[in-house]
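**Q** Pasting a structure below so you can have a look.
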Ligand code: MG
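Numbering (the numbering used here), first residue to last: 1 to 331.
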């Protein structure tokens with residue numbers, strides 16, 4: 001078996017590769033939980049909190065796109081994974097693989113973008129490395145991040161319970177549609193949603209909302225991440241299609257391209273699963289934050305397994321994880 005593009009999709013093949021190679025070789029109690037960031041206990045108990053650690057590599061093409069670039073993306077991606085564990089992000093490291101022929105002016109612009117995004121996110125870039133390999137004029141970045149999870153905060157993909165509300169912070173598919181449009185030279189107004197989601201997580205915790213689980217909606221799309229939450233928690237998730245926000249531009253684009261917004265990647269959207277009693281309070285908190293203006297309650301957790309969706313036409317459809325490739329190199 002050789003690596004194929006499907007192994008980078010964030011869908012079923014990525015999950016298999018994780019299980020059969022990395023999960024098997026690196027197995028331990030922390031990694032086996034498969035959260036967005038590892039929550040590390042350095043104190044042998046709860047107070048004074050745990051460390052969150054995450055790493056991600058960025059290979060997006062093109063390097064600069066409407067609404068962002070690989071620099072901004074490489075900070076947002078790792079910071080968002082820390083935030084999804086309820087952590088306050090603190091430090092980042094970055095490793096660059098540069099290809100010969102890359103314009104230094106472009107590298108400088110991307111570094112400036114990283115610095116600006118890190119300042120907005122409240123993280124310091126504290127270590128880095130540069131290697132040169134290959135001759136294609138391209139650039140790849142890895143970032144690793146550390147954050148602090150305050151004592152008593154226990155956000156986990158495995159904590160959803162029947163009766164919980166499922167919220168989505170905004171419209172699906174914007175980043176994916178933007179990158180695909182750039183690759184295919186299609187003119188449209190669609191911009192990437194690439195953003196740091198700290199305003200949203202801060203808003204939820206500031207209002208003492210009982211947050212069970214959070215996950216950013218990246219590769220594999222909403223369909224895949226909701227299946228991950230349902231599987232980890234041992235519950236079902238029931239969605240209402242008409243409640244899922246998709247912009248007119250992305251909906252039109254998906255129609256023409258034959259794409260399903262449920263499986264499209266974003267870089268500035270998140271799902272929050274909260275106690276059902278806090279649904280309205282959580283919705284108000286998210287909508288009041290700059291990156292949550294289009295937030296919606298899209299469903300609830302229930303008894304059973306898997307993800308089901310009540311369609312606009314009144315039927316019920318099972319929503320599976322992404323199969324096959326998706327679009328490579330969107331992040
Ligand atoms: Mg994530």
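Just so it is clear, CB atoms sit at the ideal spot from N, CA and C, and this is done for glycine as well.
Helix, strand or coil for residue 290? Go by DSSP, reduced to three states.
**A** helix
**Q** Just the C-alpha distance for residue 289 and residue 279, rounded to the nearest angstrom, thanks.
**A** 16 angstroms
**Q** Taking only runs of the beta strand (DSSP E) that begin and end inside the region 103–190, which ones reach a length of at least 3 residues, in chain order?
**A** 124–132, 139–149, 165–168
**Q** Pull up the CB-CB distance for residue 241 and residue 286, whole angstroms please, since I reckon it's below 8 angstroms.
**A** Contact between residue 241 and residue 286 does not hold, since their C-beta atoms are separated by about 20 angstroms, which reaches or exceeds 8 angstroms.
**Q** Cβ of residue 218 versus every heavy atom of the ligand MG: is any distance shorter than 7 angstroms?
**A** yes
**Q** Is residue 198 near the ligand MG - that is, is its Cβ less than 7 angstroms away from at least one heavy atom of it?
**A** no
**Q** Pop quiz: residue 325 and residue 9 are said to be a contact at Cβ under 8 angstroms. What is the actual Cβ separation, rounded to whole angstroms?
**A** The distance from the Cβ of residue 325 to that of residue 9 is about 5 angstroms, consistent with a contact at the 8 angstroms cut-off.
**Q** On a CA-only basis, which of 64, 24, 149 is nearest residue 38? Give me that one, please.
**A** 149
**Q** State the beta-bridge partners of residue 213 as determined by DSSP.
**A** 273
**Q** Would you mind reading off the limits of the beta strand (DSSP E) that contains residue 56?
**A** Going by DSSP, residue 56 is part of the beta strand (DSSP E) stretching over 50–58.
**Q** Which first and last residues belong to the beta strand (DSSP E) in which residue 90 is found?
**A** 88–98
**Q** So, is residue 43 buried or exposed, given that buried needs 16 or more other C-beta atoms within 10 angstroms?
**A** Residue environment for residue 43: exposed (fewer than 16 other C-beta atoms within 10 angstroms of its C-beta).
**Q** Return yes when the C-beta of residue 174 is under 7 angstroms from any heavy atom of the ligand MG, and no when it is not.
**A** No - the ligand MG has no heavy atom lying nearer than 7 angstroms to the Cβ of residue 174.
**Q** Report the option in 71, 36, 62, 239 whose CA atom is closest to the CA atom of residue 165.
**A** 239
**Q** I'd like to know if the region 243–255 and the region 130–138 are in contact, where contact means that at least 3 CB-CB pairs between them fall below 8 angstroms.
**A** no
**Q** One question on the structure: do residue 101 and residue 129 come within less than 8 angstroms of each other, judged by their Cβ atoms?
**A** In terms of Cβ geometry, residue 101 and residue 129 do not form a close pair [threshold 8 angstroms].
**Q** Distance check for residue 208 and residue 330, CA to CA, integer angstroms please.
**A** 35 angstroms
**Q** Straight-line CA distance for residue 181 to residue 262?
**A** 18 angstroms
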